[in-house]
Amino acid sequence: MKPIPTLFKCISAIAVLALAVGCASTRQTEKMLSAAGFKTVAASTARQQQKLKALPPDKVTVARRNGNTYYVFPDAAHNQIYVGNQKQYQAYQQILLDNKISVENRVSIEMDEDAPIGWDGWDDQGWSD
0 MKPIPTLFKC ISAIAVLALA VGCASTRQTE KMLSAAGFKT VAASTARQQQ KLKALPPDKV
60 TVARRNGNTY YVFPDAAHNQ IYVGNQKQYQ AYQQILLDNK ISVENRVSIE MDEDAPIGWD
120 GWDDQGWSD
């Protein structure tokens, strides 16, 4: 009887998925933002540094400037923000989606490795050498 190891592997796989998808590190987020075309802008004045510290950490925020919409992500450790426009933000969202699908597929494959495969109902239609 193998329900406990299988249940444990299933729970472990779900935990890995949640960690990989939901808890992307700031470093990973910064890499994805850069890949999407976001630019870094240093906070060089006291006012910019104050605004940087006021941004919610680890979150892309909508900002409006001179009638334009921008998306900003704070990197307080490096005293800068990542800034992108609508096109770059959409590219970032696509990268997130692609990464989520990739992780889900990987977890699905890991979960299926222990699933018994019953071939009994299949005809041998060219599967043998």
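Sequential numbering of the sequence shown, starting at 0, is according to the working numbering. Where is the CB? At the ideal position from N, CA and C, for every residue including glycine.
- Message: According to DSSP, is residue 71 part of a helix, a strand, or is it coil?
- Response: strand
- What does DSSP give as the partner residues of residue 83 in its beta bridges? 70
- Message: Using DSSP's beta-bridge definition, name the partner residues of residue 38.
- Response: 82
- Query: What first and last residue would you give for the alpha helix (DSSP H) that runs through residue 45?
  - Reply: 45–53
- residue 69 versus residue 61: straight-line alpha-carbon distance, rounded: 6 angstroms
- Item | Within 9 angstroms, strictly: CB atoms of residue 51 and residue 87 | no
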